[in-house]
Each structure stands twice: as C-alpha cells, then as structure tokens.
Amino acid sequence: MDKDLEAALLLHEDANAIQSWKQEKELEHKEDDQEDDEEEDEEYYEALSWEGKNWPVVLAGFVINALLSGGHGREQIGAAFRSDISSQRSVLQMLSPVGNNCFGMLFLPRLLELGLPPWLVTALGNVSLAVANLICLSATPLLHRWGCRRLLLLLGFVYSTAFTLAALAFSMPGPLAATAIVAGSLRELVFLVVQVAVSRCFERKRPLAIGVTAAGTSLNQIMGPPMIAFMQSRYSPRTMLLVISVLMLQICIAASLMPSGRGRGALLPVDHLAMVRRREVVLLCLVIAVISATMSVFWFTIPLALLSTGHNSREMVPYFSIPGLANFITRVVIGLLLCHLCRPTPLMRLCSTLSAVTISVWFWCERPFWRIVWLSLCGGCSGVTRVLISLVVLEAVGLQWQAEALSLISVTTGFATLLVGEVADLSRVLTGSYASKMYAMSAFLMLTQVLWEFVDVRASEPSSTHQRREKKPTDCR
C-alpha cells in the first residue's frame, strides 16, 4: 500500500514538473516572438524612413511612361488618312497594339504607303497585340532573375535599337513592320515593371507615387501629338525615327534610378499556377481586364464616330486634348485622396459605372461643349481606373504576388480587347449607327458591376504579419 502511495506521489510530482516545464517553454517562445516582432517593427519603420528618399523612382517612372505611352495620335488620323472610313478603321485598330502611342503615326502611314493592304495591317496589329500581352507572362521570372533596373536597361536599349532599324529599313515593309511590332510588344512589359518598382518603394504614400508615375501617360497624350506634328513639318520621317531612337535611350537613364531588385527588395520566386487556382484572383483579373479593354475600345472608336458626323481633324483636337488634361489631373488627385480617405476597390466600381453612363450619353449631345464635358468626365474616370488597377491588385494579393497578378491581367486584357471590339463593332454593323456600339460598351462595363459581387478582395488578403513584411518599402539607395 505504501509503495502504491509513493508511486502515485511520484507520478503527481512528475506531472507537475512536466506542466511547469511546458509553461517555461511557452514563456520562452513568447519572449522570442516578442523580440522578433520588435526587430521586425524596427526594420519596418526604418524602411519607412527611407520612403521619402525614394521619390527619384517616381521621377524615373514618370519619364518612362511619358516616353512610351504617348498620345494616340487620334486627332491626326483624319488628316493623314482621308481616303475612306475603312482604311481609317484599320489604322485605328493598329494604333492600339503598335505602341498605343504617337509613334504609330509614323509607322502606320508608311506601311500603307508601301502597299500593304488594310487587312494585313490589321492582322499585324492583332499579332502585336497578342505578343504584347503574352510577353507579360515572363515578367515575374525576368524580375526575379535580373531585377527592375537591369530589365529596364535592357528594354530601353531594345526600344532604341528598334527605332534605329526602322529608320534604316524605312523603304522595306517587312523589316519596318517587324520593328513596329517589337516597339509595340514591349510596352506593356515596361509598364508592368515600372508599377512593381514604384509599389515596392512606397507604403504609406504608395497611391500618390503610383498616381504621379501614371500621370506621365496623360502628359504625353497632351504634348505628344503636337510634338510629332511639329517634327513632321520640319524633318523627314527617317530623321524623326532617329531622333526618337535617341529619346528612347532616356529610358536607360531613368532605369538607373530604379531599385536593383536584389537584397531586401528582391522578388521571391513564386508558383505560376498558384494564381490561377485562386478563384477570387481569377475573377478580379477578369473584371479589371474587361474594364480596361472596354475603355481602350471606346477611346479608339471616338475618332471614327466623330468622322461619321462630319468632323475634320482640327475640330477633333479639343475632344482629346481637354479629356487628356482631365486624365492627367485626376491621376494625381486620386493618389492624394487614396493616401488618406478611401479604399481603391469601391472607388474603381464607382468610376466604371460613371464611365458606362458617359459612354452612352456623350454621342447624343449635339453641342460640342457638352460633348467635350462628357468626354472630360470619361477621361477623368479612365485616369482614375488606370491608377486604381495596381492598388486594387495590391489590396487583393499583396506585394509579393503583384507582378504575377498584373501579368495575368495583361494577358486577359488582350483577349478581352478582341472580344469587346468585335462584339461592339458587330452591333454597329447590324444597326448602322455608332450609338449601338456605345451601348454595347456600356453594357460590358455594367456587366463588370455584376461580376464585382462575386469578388471578395478580403478573401485574398494575406495574414497581418505577412502583409506587413510585404508592405515594407524597399530602400532604393
């Protein structure tokens, strides 16, 4: 009996010892976690102190966007191609893939002058559009391997070389078309790299930084076409292409201000298929792709709609310059507001709804003043939407997955542009009026409002600890 009592007492003492040992271990783990959190907080706020010194990255991104985006040359299409509406339509379809910028004003007239039929020009445009969006799938591996700085240096050199070769092959349609496709195909990749670089260098002022960077696109929409028109009146096309090739070297200079992408700010390798397996992310990419594609088709339809109502090239200038100015202002203003006031997702839904309304209304306005007012409102909404794309993606997937999500959006946008363009143009052909095409594009934008109901951005957000690590801005010294 005494032995049994002693054994029971020993077991009780052992249980108490084990329990006390577990409590000591738990306290040690808590202390270690607390020390790790304190060290992480110190690194986090130390990185935030460098956020104010990362503004040269914004300047570099602004310059790159201003060089590559360019005005669409819409107001000069009527003067360059007065033959018939079908040839103008082919040119406008080509402008989107071949750089989506003023430089299309140089390539496309020359391709038609060299005897390429309009259907072939359109086919080249479709090829360039597909390549431009598919090449974005390689963004994350390239960023992981080379970093933002070296990748932009390489792309700037390729751009400059493409325009130099275009000047040398100005009388040969094949090489000229090839260089035009190369120049247009790399544009989306450059924009994606710039967005990722700016996002990784900022946290608290990230919306403002992205808005200022994206404003470079609007600036060239205002200044690009007059500059190209001035150069066309003074210099030969070969000389203009050589001048542009020198300007493209400024991308390399701006790239030197970008973060290297190594060390603390480096991108980690990710699973390419993991993004596709997440239903919320796929729906988000689909919604953003449809919005972007619809707005692109709308802006390329405006010149044709104005030409059908008897407007000439000079009369079309305010229809694009004033909305371009509104686009520029809203990109900066929305960046300031998002730093303090609201979340990007509800604002993006509001802007897409306003765009659907303006697209339906502006064509029926008879007075030019009200047409310009409605187009300016649409231009402002378009500028806000372009800024919000990166911010909505960051809100949904975090910083580490941003490049993957943006590349998936770019690919989806390419296919969505073909779908929206063909469906909207089919409605115009069946009814014989551009009003039906406007209604079709408004319907696509309203369809995204339905899809938004199935997208829960919070379901894709990372944990708080991981989110803090992802939001940590990169020291861009």
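Numbered by the working numbering, the letters in the sequence shown go through residues 361 to 837 in order.
Where a beta carbon is used, it is the ideal one built from N, C-alpha and C, also for glycine.
Beta-carbon contacts of residue i that lie in its chain and below 6 Å, excluding the five residues immediately before and after
i	result
I424	V554, I611, A614
A420	A614, L617, M618
S605	S520, F523, T524
A569	V418, V558, F562
R727	none
L474	P533
R509	A615, M618, S620
L476	P533
L515	L546, V550
T500	A763, E764
R746	A574
Y595	none
M591	M600
H826	Here the model assigns H826 a pLDDT of 41, short of 50, so the residue's position is not dependable and the matter cannot be decided.
T690	G740, G743, V744
L714	C741
Sequence-distant residues of its chain with Cβ nearer than 7 Å to residue i (five each side left out)
i	result
L513	C612, A615
A800	V783, A784, S787
T808	V647, V650, I651, S712
K797	T661, A784, D785, S787, R788
V572	V418, F422, V692, G695
P567	G695, L698, C699, L751
P704	L698, L748, L751, V752, E755
L666	M676, Y679
F804	V650, T654, V780
Enclosing alpha helix (DSSP H) for residue i [first to last residue]
i	result
K565	Looking at the DSSP string, K565 is not in any alpha helix (DSSP H), and its letter there is neither H nor E.
W812	794 to 812
M600	597 to 608
F422	415 to 428
G507	499 to 528
Own chain, CB closer than 8 Å to residue i, minus 5 neighbours either side, in chain order
i	result
E548	A492, N493, I495, C496, S770
R639	none
A426	G576, T577, L579, N580
L552	C496, A499, A763, L766, S767, S770
I582	G431, S681, G684, L685, F688
L602	F523, T524, A527
Within-8 Å CB hit, residue i to chain C
i	result
T808	Here there is only one protein chain, and chain C is not present.
Could you tell me whether the segment 701 to 721 touches the segment 745 to 756, using the rule of 3 or more Cβ pairs below 8 Å?
-> yes
Jot down the residue ranges of each uninterrupted beta strand (DSSP E) in the segment 636 to 693, minimum 3 residues, whole runs only, in chain order.
-> none
Are there three or more Cβ pairs, one per stretch, closer than 8 Å when the segment 659 to 678 is compared with the segment 556 to 563?
-> no
Scan the segment 719 to 803 and note each continuous alpha helix (DSSP H) run of 4 residues or more that stays entirely inside, going in chain order.
-> 728 to 757, 762 to 791
Quick one: any contact between the segment 731 to 745 and the segment 681 to 691, if contact means 3 or more CB pairs under 8 Å?
-> yes
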